[in-house]
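Asks: The sequence shown lines up with residues 1 to 294 when you count with full-length UniProt numbering.
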Amino acid sequence: MALLLPCSSNSLVTTNNSNKKKTLSNPESRATTIQVAAAAAAMSTDGLSNAFSVLDVDVDDHQAQTPIITTDKVARKGKKPSEMTVVKEDTKPSIKPDKLGLRSHPTTSEEYRMPLVWIDLEMTGLNIEIDRILEIACIITDGNLEKSVEGPDLVINQTKECLDNMGEWCKEHHAASGLTDRVLNSTITEREAEKQVMEFVKKHVGYNTALLAGNSIYVDFQYLKKYMPELASLFSHVVVDVSSVKALCCRWFPRDNKKAPSKENKHRAMDDIRESIRELRYYKQNIFKARSKK
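1. Measuring alpha carbon to alpha carbon, tell me which of SER276, GLY125 and CYS250 ends up nearest PRO261.
2. Rounded to whole angstroms, what is the Cα-Cα separation between HIS204 and GLU194?
3. Taking the alpha carbon of GLU190 as the reference point, which residue from THR141, ILE136, ASP142 and GLU150 has its own alpha carbon closest?
4. Does the segment 265-274 touch the segment 219-238, meaning 3 or more C-beta pairs lie closer than 8 Å?
5. Ordered along the chain, which non-local residues of its own chain (more than five positions away) have a Cβ less than 6 Å from that of SER53?
6. What's the call for PRO254, buried or exposed, on a 16-neighbour Cβ count within 10 Å?
7. Where does the unbroken beta strand (DSSP E) through ALA213 begin, and where does it stop?
8. Does the separation of the CB atoms of LYS147 and LEU184 fall below 8 Å?
9. Inspect the beta-carbon positions of LEU280 and LEU145 and report whether they are closer than 8 Å.
10. Thinking just about the alpha-carbon of each residue, which of ASN127, ASN157, ARG182 and THR141 is nearest to the one in MET166?
11. Apart from the five residues on each side of it in sequence, which residues of its chain come closer than 7 Å, Cβ to Cβ, to TYR282?
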């Protein structure tokens, strides 16, 4: 890149990376040099603007970002991963609300700016040293909770001995939900479940930085780090904990908090995620209100 240094009223010195110098005395040459330098500076500034545009956290989620090219899109409509409908690029599928009332899209990663990856685990207990994962489910939403796609909902095989060592609370609730029997009959390992969820997250999040979201999600994150470390490595250290949001709303906006959606407490992974999304969506619409434009 050439550097322009002022010398006198009738001349301008240019230097380049090889330290060569020459004096331009001709006014026309000087004007041309200034124009070229200005154009180069503008191009350089544009380049910096583009390079750092990803840091603009105020941009709305629906604004387009640099697309990641894919060959097809997957439409998710509450089916198991093996039953996903493949939608070709040249089709324009209709947009329908999903079970959460969100717009469920056949998605590619560019649609999910600032994505939230909702994961819920059912475990044999809360002692990370001895307890294991029984079930994992995943839903991805955009940052505004307006679009979503449901992912794997997998029951993981564990031994009868492992289940027999559960505490009374887990024995009672996992038996009542039918999870205990499903765990014993499952053929899916922790590693296989990790791989399926990783593929789903990578497909829909791409190179975006994903944040884990859920109720008391830090507990689930600890289990992912221990038993599914490759999956855990995809996520930021920052988490969106709906339990923390609720705790603050109880203190700061108690009236609004009382109107939050009630939970059914089914203690199944996918059901718990849907409830968490509904809850955070309520807080967004009723407490985290957008400022009215004057």
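Note that beta-carbon positions come from the ideal geometry of N, C-alpha and C, so glycine has one too.
Replies: In brief:
1. SER276
2. 16 Å
3. Comparing Cα-Cα distances from GLU190 to each of THR141, ILE136, ASP142 and GLU150, the minimum goes to ILE136.
4. no
5. In this prediction, SER53 has a pLDDT of 35, which is less than 50 and means its spatial position is unreliable; what the coordinates show is noted afterwards. Within the same chain, SER53 has no close Cβ partners at all.
6. exposed
7. 210-214
8. Going by C-beta atoms, LYS147 is not nearer than 8 Å to LEU184.
9. Contact flag set, yes.
10. MET166 has its Cα closest to that of ASN127, out of ASN127, ASN157, ARG182 and THR141.
11. ALA260 and PRO261
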